[in-house]
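Report on one structure; see the data block that follows.
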Amino acid sequence: MPQLQLSASQLDDYRAAGFLLVHGFLDAEETGLLQATAKAGKRLDDHANIMDDGAEHPVRLALWNHPGDTVYGMIARSNALVNAMERVLGGEVYHYHSKMILKDAKVGGAWTWNQDYGYWYHNGVLAPLLASASIALDPVTRENGCLQAIYCIVPGPISPSKRAGP
Numbered sequence: 004m005p006q007l008q009l010s011a012s013q014l015d016d017y018r019a020a021g022f023l024l025v026h027g028f029l030d031a032e033e034t035g036l037l038q039a040t041a042k043a044g045k046r047l048d049d050h051a052n053i054m055d056d057g058a059e060h061p062v063r064l065a066l067w068n069h070p071g072d073t074v075y076g077m078i079a080r081s082n083a084l085v086n087a088m089e090r091v092l093g094g095e096v097y098h099y100h101s102k103m104i105l106k107d108a109k110v111g112g113a114w115t116w117n118q119d120y121g122y123w124y125h126n127g128v129l130a131p132l133l134a135s136a137s138i139a140l141d142p143v144t145r146e147n148g149c150l151q152a153i154y155c156i157v158p159g160p161i162s163p164s165k166r167a168g169p
C-alpha cells in the first residue's frame, strides 16, 4: 500500500468541509483483492444481518469490531490509513468497527447513513472524535447507487460535555 501523505491543503479542506475525498488510496490490484475476497468469501454472508431500507428493499450488513488478520483488517490497520486518520483527528486512533454493505445487483436497497455520535457516546466515546473511511469496491455511478450525502454544518464547536440524545 502506498503511504498516504495528506497535504496541508487537504487538511484545510477537511476542516472547512468536514470530509475529504482521496482518490487512488488503493491501487487497482488492492481494490481487486478486496473485491475478490468479498465475492468469494462466504464469511461475510454468514455474518451479515438483513437491514430494511424503509422501502422494503433489503440490504445486508456485515459488521465487526476487531480488525483481525483478514485483508479487511490489514487495510484498516495499514500505516497509510492510520497515519491519515491521526493527522485528521490530531492524535492517536483506534479501530472502532468495520462494516461491509452487501447490496445485490438490481435488488439491493438504499443504505441510510446517519450521525452516529448518539450511540458512540453511550459506548464510551465521550467526544465526537471519530472518522469513517469508505472504500467503494464497485464503480461509483448513479446507475449502481453511488453514495449520496447530505451534510449538516453545525455552527461552532461541539462540546463533549453536552450529552447527545438518542
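The opening residue of the sequence shown carries number 4 in my numbering; numbering runs sequentially from there.
We treat Cβ as the ideally placed atom computed from N, Cα and C, and that holds for glycine.
All values derive from a computational prediction rather than experimental measurement.
Can you check whether the CB of residue j is closer than 9 Å to the CB of residue i?
| i | j | result |
| --- | --- | --- |
| Val74 | Leu36 | yes |
| Pro70 | His98 | yes |
| Ala134 | Leu92 | yes |
| Arg90 | Leu9 | yes |
| Ile78 | Glu33 | yes |
| Leu129 | Gln38 | no |
Exposed or buried, what is residue i when buried is set at 16 or more other beta-carbons lying within 10 Å of its beta-carbon?
| i | result |
| --- | --- |
| Ser12 | exposed |
| Ser137 | exposed |
| Ala87 | buried |
| Val62 | buried |
| Arg166 | Because the pLDDT at Arg166 is just 39, under 50, the model does not fix this residue reliably, and the point stays unresolved. |
| Gly57 | exposed |
| Ser164 | Low local confidence applies: a pLDDT of 45 at Ser164 is under 50, so the model's placement there is unreliable, with the coordinate-based value given in what follows. With fewer than 16 other Cβ atoms within 10 Å, it is exposed. |
| Lys45 | exposed |
| Leu24 | exposed |
Going by the C-beta, is residue i closer than 8 Å to any heavy atom of the ligand FAD?
| i | result |
| --- | --- |
| Arg63 | This structure does not include the ligand FAD; it has no bound ligands of any sort. |
Residue i and residue j look like a contact to me (Cβ under 8 Å); what is the Cβ gap, rounded to whole Å?
| i | j | result |
| --- | --- | --- |
| Lys102 | Leu64 | 6 Å |
| His100 | Trp67 | 7 Å |
| Leu7 | Phe28 | 6 Å |
According to DSSP, what are the bridge partners of residue i?
| i | result |
| --- | --- |
| Ile53 | Arg63 |
| Lys42 | Answer is none; Lys42 lacks a bridge partner. |
| Ile104 | Leu64 |
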